[in-house]
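J.:
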Amino acid sequence: MQQNSIMLFFMLLVGIGTIFFVSIFMSSLNADKDSTGVKNLLKKRFWFTLILIVVLGIFAAATLPKSPYFTFANETPSTVIHVGTMQFSFFLSTKPIDPKSPSGETIEIPHDQLVEFRVTSFDVNHGFAVYDPSMRLITQVQAMPGYVNNLRYKFTEPGKYHIFCLEFCGTGHPVMQATFKVI
Amino acid sequence: MNIESLKLKKISALWIIVILVLFIASIVLGILMRLNQGKVIEQSPLTFYTNMTTHGLTMIGIWFAAGMVAVNYLLQRYVKTSYGVNLFAFILTVIGVVMLWITTYAGKFSTGWTFLYPLPFRDLGSESWSTPLFLISLTVLGVGWLVWSVSLMAQILKKYTLSQAFAWQHFKSNASVETPPFILITTVTLIGVIASLIAAVIVIILYFAEYFSHGDFVNDALLMKNLIYFFGHTIANEMLYLGLAVIYEIFGEVSDRPKWKMTWYISLAWNCAMIFILTAFFHHLYMDFVQPQALQIVGQLASYLASIPSAAVTVFSIVAAVYGVKVRWSIVNLLFFLGVAGWVIGGLGAVIDATISNNIMLHNTLWVPAHFHTYNAMGNVLFSLGFFYWFSTQYVDKLVLSKLTKYTLALLIIGGIGFLMAFYVAGANSIPRRYSTYPVELTSGPYLAKVGALFASIYLIAILIFFYNIAKRCFVILSASSR
Ligand code: HEM
Ligand SMILES: [Cu+2]
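In order, the protein sequence lines correspond to chains F and X.
Take 4 as the starting number for the first sequence in the working numbering and just add one per residue.
Take 231 as the starting number for the second sequence in the working numbering and just add one per residue.
1) Fully enclosed by the region 266 to 345 of chain X, which alpha helix (DSSP H) runs are 4 residues long or longer?
2) Listed in chain order, which residues of the region 674 to 689 of chain X have Cβ atoms closer than 8 Å to some Cβ of chain F?
3) Taking C-beta pairs closer than 7 Å, name the residues in chain F that X:ASP486 reaches, listed in chain order.
4) May I ask which residues mark the beginning and end of the beta strand (DSSP E) holding F:SER92?
5) With H, G and I counted as helix, E and B as strand and the rest as coil, what does DSSP make of F:MET89?
6) Check distances from the C-beta atoms of the region 83 to 108 of chain F to those of chain X and list, in chain order, the residues that come in under 7 Å.
7) So, for X:VAL545: in the same chain, excluding its five sequence neighbours on each side, which residues have a beta-carbon less than 7 Å away from its beta-carbon?
8) State the Cα-Cα distance for the pair F:ASP135 and X:PHE653, rounded to the nearest angstrom.
9) Quick check on this structure: which residue in F:PHE167, F:ARG155, F:THR39, F:HIS176 has the alpha carbon closest to the alpha carbon of F:SER127?
10) Of the residues X:TYR534, X:GLY657, X:GLU671, which one's Cα is nearest the Cα of F:THR66?
11) Taking DSSP's pairing of strands, which residues face F:ILE166 in a bridge?
12) Can X:LYS389 and X:VAL309 be called in contact, C-beta distance under 8 Å?
13) I'd like to know whether the C-beta of F:PRO148 is nearer than 8 Å to at least one C-beta of chain X.
14) For a cutoff of 8 Å on Cβ pairs, would you count F:SER31 as touching chain X?
15) Can you confirm whether F:ALA34, when its beta carbon is compared against all beta carbons of chain X, has any partner nearer than 8 Å?
16) Reducing DSSP to helix, strand and coil, say where X:TYR689 ends up.
17) Report whether the distance from the Cβ of X:ALA652 to the nearest heavy atom of ligand 1 is below 7 Å.
18) May I ask you to check if the CB of X:GLY260 is nearer than 7 Å to at least one heavy atom of ligand 1?
19) Under 9 Å between beta-carbons, which chain F residues line up against X:LYS556? List them in chain order, please.
20) Can at least three beta-carbon pairs, one atom from the region 665 to 676 of chain X and one from the region 597 to 610 of chain X, be found at a separation below 8 Å?
21) By the DSSP assignment, the alpha helix (DSSP H) with X:VAL670 in it spans what residues?
22) By DSSP, does X:TYR698 sit in helix, in strand, or in coil?
23) What does X:LEU346 touch in chain F if you count any residue whose Cβ is under 8 Å from its own?
24) Please check if any C-beta of chain X sits within less than 8 Å of the C-beta of F:LEU117.
25) Just verifying my parser: in three-state terms, what is the DSSP assignment at X:ARG487?
26) Compute the Euclidean distance between the alpha carbons of F:PHE51 and F:GLN143, then round it to the nearest angstrom.
27) So, under 8 Å CB-CB, X:GLY314 and X:SER367 are touching, yes? Tell me the CB distance rounded to an integer number of Å.
28) Tell me whether the beta-carbon of F:GLY40 lies closer than 8 Å to the beta-carbon of X:VAL543.
29) For X:ILE290, is the beta carbon positioned less than 7 Å from some heavy atom of ligand 1?
30) Looking only at its chain, what residues have a beta carbon closer than 8 Å to the beta carbon of X:SER358, apart from the 5 residues adjacent to it on each side?
31) What residues in its chain sit with their C-beta under 7 Å from that of X:THR341, if we drop five residues either side in the sequence?
32) With a Cβ-Cβ cutoff of 8 Å, do F:PHE125 and F:VAL178 count as a contact?
33) Three-state secondary structure (DSSP) at F:GLN116?
34) Just the C-alpha distance for X:ASN589 and X:GLY657, rounded to the nearest angstrom, thanks.
35) Taking contact to mean 3 or more Cβ pairs, one atom from each stretch, closer than 8 Å, check whether the region 98 to 114 of chain F and the region 627 to 647 of chain X are in contact.
36) May I ask which residues mark the beginning and end of the beta strand (DSSP E) holding F:ASN152?
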């Protein structure tokens, strides 16, 4: 559950930040009249900046390779699903979809195999977001008119998956959804 | 008091009153949205989305304007600014906002504040005239703000050379001319503002070109998305920097602390910030896999880098100014200090989301409104409210912290935290943003929306009290005569 770790990490940072700002504020309330505050500011600033740069550098180095553009990039997908989107529906098909008369079919995807979704739109921008059976967002990509975005994924759990639109596309946006099965 | 400065005071007071009235109206729209998502009230999707569009556009507009008002007012300390241009911007802003509300409420224009191409051409349920009127109202606002920014920039460049305005001479050991930090930050910010408004003008032209070509000319969706986010992201960030310029200028004097002097690292930090902030917008396109990968990487790196000068220079300086020293706390510097804390916390949420491998889990979930409301509602708004207080109390020689003020601040903090937490938790629960109502499967959505509405109402009470205090004094300024 990546989201849980994100939330936990964020709350940790918020906690540290809050304690930090509150203690700075309290230190001012409790200070004597003639105290002059922090000494050696430039040196402290230098170390603070250096630590910040190192921490951010480590984060960037650790997270960039995990970007979705690189995952499964060297494998060949065993299944290809074409996804067409239109206000306010999804069409999923194993065959290319005709924009003039789009139609979809019931989709079943085998688990533990690499699938590639080729996602496009026939009108405005839409989103293609996959939710697992426990209704957690597990992967997503945009559906843009004139472009095809390829999204690769390996489902591990069989079950019913939901697709929601995650790019605002008009009044029907919240009801735009579809489902597929992982077997 | 001289006529010129009285005129500037009056127009600033007028701006402040109008901004706060629009702020209160927009908060009410925000609460209505949360109530609808919580199923406490039932509005049609079209009504929800016109409210959402109006709320977003108005909020961005007024807080940008608030930053400009403050900067224009304080700039008077260093250079002469044009009263006529300020008034012109005010008139165009009022006309633009009225036209916007007509397009959304009479024309049912409801594309969200980002009006992502080609949605305005396929905006179901809206009147056909609403799209051109929307583009015209954006043009009116854009012209007003562009003229204003360029005019302020020109006044700065009359006194300082360009390299002095960027404080480049401070990289050498003995600078002969000192550039005040306020001038540097204002310069850097105005350049960003002007760049973003130029992008807006290009977007508007491209929209009109397609609109009048009747199908012969079709825009490229990826290019339009890049342009729109260059505009939207940049203006939303620069308005925060306008607030920071104000803090650099008056935090010291309201706190009985020495004013910050220009140093090489302040100069370096803001010059870097200017570049990073203009390239960070690429993080809005992470989920467009057809975007060149190099730009995606630039997006993450620039987003990370943008936090370094902010934290190492601005936040560090404010913390150092307060740590362990007696500060004369008043509502003004309390709002500034609290705003900096909110800005930092919102920034943490932003950096997490600007990480591509997290973005795939958070993109267009409520995590996004969560973090940008943090540095707006609990950051930038407080910077501006602090300025409004400071501005409106200039006739009063002492800013005292009354009990009522303390309670009001407590309400603001409690309301703000609750309202934002409901957004963050929903975002981590994969609840999408911009849903008028939630699919039954997403069970925590409506519940969290109700929590958000409740706490937002507490926030609103605090804002109403602040409004009463500030507006009352602004009316006194408006009716003052020159003596
Ligand atoms: C307590 C005050 C506020 C409340 C209750 C509120 C509420 C909301 C809500 C419910 C949404 C829609 C979230 C969704 O996507 O489902 C929203 C969106 C937004 N809000 Fe606020 N908000 C407040 C303050 C602000 C402030 C101070 C700003 C300043 C910039 C702001 C700017 C925006 C923007 C730009 C959007 C996005 C609109 C869009 O998606 O097109 N809000 N707000
Ligand atoms: Cu949609």
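Cβ coordinates follow ideal geometry from the N, Cα and C atoms, glycine included.
In this text, all values refer to a predicted model and were calculated from it rather than measured experimentally.
T.: Quick answer:
1) 275 to 305, 313 to 335
2) none
3) Taking the first residue of the second sequence as position 1, residue 486 of chain X is located at position 256. Under the 7 Å cutoff, chain F gives no residues; its nearest Cβ is about 11 Å from X:ASP486.
4) Here the question's residue 92 of chain F lines up with position 89 in the first sequence. Looking at the DSSP string, the run of the beta strand (DSSP E) that includes F:SER92 is 92 to 96.
5) In the first sequence, residue 89 of chain F corresponds to position 86, counting from 1. Of the three classes helix, strand and coil, the one that applies to F:MET89 here is strand, per DSSP.
6) GLN90
7) Reading the second sequence from its first residue, position 315 is the one you call residue 545 of chain X. Excluding positions up to five away in sequence, the list reads VAL570, VAL574.
8) Counting from 1 along the first sequence, the entry for residue 135 of chain F is found at position 132. Counting from 1 along the second sequence, the entry for residue 653 of chain X is found at position 423. F:ASP135 and X:PHE653: Cα-Cα distance of roughly 21 Å.
9) Counting from one through the first sequence, the residue named residue 127 of chain F turns up at place 124. Residue identity check: residue 127 of chain F is Val in the sequence provided, not Ser. It is F:HIS176 whose Cα lies nearest to the Cα of F:VAL127.
10) Numbered from its first residue, the first sequence carries residue 66 of chain F at position 63. F:THR66 has its Cα closest to that of X:TYR534, out of X:TYR534, X:GLY657, X:GLU671.
11) Residue mapping note: residue 166 of chain F aligns to position 163 of the first sequence, counting from 1. Note: F:ILE166 sits in a beta bridge opposite F:VAL133, F:ALA181.
12) If you number the second sequence from 1, residue 389 of chain X lands on position 159. If you number the second sequence from 1, residue 309 of chain X lands on position 79. Going by C-beta atoms, X:LYS389 is nearer than 8 Å to X:VAL309.
13) Numbered from its first residue, the first sequence carries residue 148 of chain F at position 145. Chain X contact via Cβ: present.
14) Walking along the first sequence from the start, residue 31 of chain F turns up at place 28. It does; some Cβ of chain X falls within 8 Å.
15) Counted from its first residue, the first sequence places residue 34 of chain F at position 31. By this cut-off, F:ALA34 is an interface position.
16) Within the second sequence, the letter at position 459 stands for residue 689 of chain X. X:TYR689: helix per DSSP, three-state reduction.
17) Residue 652 of chain X sits at position 422 when you count from the first residue of the second sequence. Flag unset: Cβ of X:ALA652 not near ligand 1.
18) Within the second sequence, numbered from 1, the residue matching residue 260 of chain X stands at position 30. Indeed, a heavy atom of ligand 1 lies less than 7 Å from the Cβ.
19) For the purposes of this step, residue 556 of chain X is taken as residue 326 along the second sequence, with counting starting at 1. In chain order: SER31, LEU32, ALA34, ASP35, LYS36, ASP37, SER38.
20) no
21) Walking along the second sequence from the start, residue 670 of chain X turns up at place 440. Neither: X:VAL670 is in no alpha helix (DSSP H) and is coded neither H nor E.
22) Taking the first residue of the second sequence as position 1, residue 698 of chain X is located at position 468. Reduced to three states, the DSSP call for X:TYR698 is helix.
23) For the purposes of this step, residue 346 of chain X is identified with residue 116 of the second sequence, where counting begins at 1. Per Cβ cutoff of 8 Å: VAL127, ASN128, GLU170, PHE171.
24) The count along the first sequence starts at 1 and reaches residue 117 of chain F at position 114. No - not a single Cβ of chain X is within 8 Å of the one on F:LEU117.
25) If you number the second sequence from 1, residue 487 of chain X lands on position 257. Residue state, collapsed to three classes: coil.
26) Taking the first sequence and counting its residues from 1, the one referred to as residue 51 of chain F is at position 48. Taking the first sequence and counting its residues from 1, the one referred to as residue 143 of chain F is at position 140. Answer to the nearest angstrom: the Cα atoms are 37 Å apart.
27) The residue labelled residue 314 of chain X in the question sits at position 84 within the second sequence. The residue labelled residue 367 of chain X in the question sits at position 137 within the second sequence. Incorrect: roughly 22 Å between the Cβ atoms, too far for contact.
28) As a working note, residue 40 of chain F is residue 37 in the first sequence. As a working note, residue 543 of chain X is residue 313 in the second sequence. Taking 8 Å as the Cβ cut-off, F:GLY40 and X:VAL543 do not qualify as a contacting pair.
29) Numbered from 1 along the second sequence, position 60 holds the residue referred to as residue 290 of chain X. Yes, the Cβ of X:ILE290 comes within 7 Å of a heavy atom of ligand 1.
30) As a first step, residue 358 of chain X is located in the second sequence; it is residue number 128 there, counting from the start. The answer is none, since no qualifying residue turns up.
31) The count along the second sequence starts at 1 and reaches residue 341 of chain X at position 111. These residues qualify, in order along the chain: THR283, LEU349, PRO350, ASP353.
32) Residue numbering aside, residue 125 of chain F sits at position 122 when the first sequence is read from its first letter. Residue numbering aside, residue 178 of chain F sits at position 175 when the first sequence is read from its first letter. Not a contact, by the Cβ cut-off of 8 Å.
33) Taking the first sequence and counting its residues from 1, the one referred to as residue 116 of chain F is at position 113. In this structure, F:GLN116 counts as coil in the three-state DSSP scheme.
34) Stepping through the second sequence from its first residue, residue 589 of chain X is reached at position 359. Stepping through the second sequence from its first residue, residue 657 of chain X is reached at position 427. Going by the C-alpha atoms only, they are around 11 Å apart.
35) no
36) Position 149 of the first sequence, counted from the start, is the residue given in the question as residue 152 of chain F. Note, F:ASN152: beta strand (DSSP E), 152 to 157.
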